[in-house]
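Report on the following structure.
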Amino acid sequence: MSKAIIITTLSALALSSTVAFAAPQGFNNSSAPQGFTQAPQANAPQGFANSAAQLPAIASVSDAINKGLDEQHVTLRGRITNFIGDDKYEFQDETGTIKIELDDDQNWSHIQKDQLIEITGELDKHLQYVKIEVYRATPISK
Numbered sequence: 347m348s349k350a351i352i353i354t355t356l357s358a359l360a361l362s363s364t365v366a367f368a369a370p371q372g373f374n375n376s377s378a379p380q381g382f383t384q385a386p387q388a389n390a391p392q393g394f395a396n397s398a399a400q401l402p403a404i405a406s407v408s409d410a411i412n413k414g415l416d417e418q419h420v421t422l423r424g425r426i427t428n429f430i431g432d433d434k435y436e437f438q439d440e441t442g443t444i445k446i447e448l449d450d451d452q453n454w455s456h457i458q459k460d461q462l463i464e465i466t467g468e469l470d471k472h473l474q475y476v477k478i479e480v481y482r483a484t485p486i487s488k
């Protein structure tokens, strides 16, 4: 009986040490097969390989539509030119027009139609459409 307990205990210790050595070590996943590494998300801390610093620079509506990535944070300057319905509007700069969403839970009374503004929000890219979910809009004085 005591031999069975000793053998069971030794087996459990051997298996637990194997699992501990197989656990990932730190932030580097160099043991992963080539092509199977996961890049950090756009809102991850900066300074790591494949971090947000390598996201495409978005400086215009055209860039947002053509180069932007889903859930990428963007800041653009332009004008709200048209009301589409509900909380959807058209935003326009020199390069094009994009649909934006102004959450109706926020107060947007500080901005006006055709006023030069700076918007900050998150790009929402789908197969059928591209829009920006705006969480801040600031009037720009000339």
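Counting from 347, one number per residue, gives the positions in the sequence shown under our numbering. Beta carbons are placed, not taken as given, at the ideal position from N, Cα and C, and that holds for glycine.
Give the range of the beta strand (DSSP E) segment to which residue i is assigned.
i: Asn-428; result: 419–431
i: Ile-446; result: 442–448
i: Ala-483; result: 476–485
For residue i, which of helix, strand or coil comes out of DSSP?
i: Lys-459; result: coil
i: Ala-369; result: Any reading at Ala-369 is ruled out, since the residue's pLDDT is 48, under 50, leaving its predicted position unreliable.
i: Ile-465; result: strand
i: Ala-403; result: coil
Closer than 8 Å to a non-hydrogen atom of the ligand GDP - does that hold for the CB of residue i?
i: Ile-430; result: With respect to the ligand GDP, the structure offers nothing, as it holds no ligand at all.
The alpha helix (DSSP H) that contains residue i, what's its start and end?
i: Asp-439; result: Per DSSP, Asp-439 belongs to no alpha helix (DSSP H); it is in the beta strand (DSSP E), 434–439.
i: Ile-411; result: 407–412
To the nearest angstrom, report how far apart residue i and residue j are at their CA atoms.
i: Arg-482; j: Ser-357; result: 59 Å
i: Lys-413; j: Thr-354; result: 59 Å
i: Ala-403; j: His-419; result: 10 Å
i: Leu-473; j: Asp-409; result: 17 Å
i: Glu-447; j: Leu-401; result: 23 Å
i: Ser-406; j: Thr-466; result: 12 Å
i: Ile-430; j: Glu-440; result: 20 Å
Go through its chain and collect everything with a Cβ distance to residue i's Cβ below 8 Å, but skip five positions before and after it.
i: Ile-411; result: Gly-442, Ile-444, Val-476
i: Ile-463; result: Arg-423, Gly-424, Arg-425, Ile-426, Ile-457, Ala-483, Thr-484, Pro-485, Ile-486
i: Asp-449; result: Asp-433, Glu-479, Val-480, Tyr-481
i: Glu-468; result: Glu-417, Gln-418, His-419, Val-420, Ile-478, Glu-479, Tyr-481
i: Asp-460; result: Arg-425, Ile-426, Thr-427
i: Leu-415; result: Ala-388, Leu-401, Pro-402, Leu-469, Lys-471
Apart from the five residues just before and just after residue i, which ones in its own chain have a Cβ nearer than 6 Å to its Cβ?
i: Thr-427; result: Glu-436, Gln-438
i: Asp-470; result: Lys-477, Glu-479
Any idea which residues DSSP pairs residue i with across the strands?
i: Asp-470; result: Lys-477
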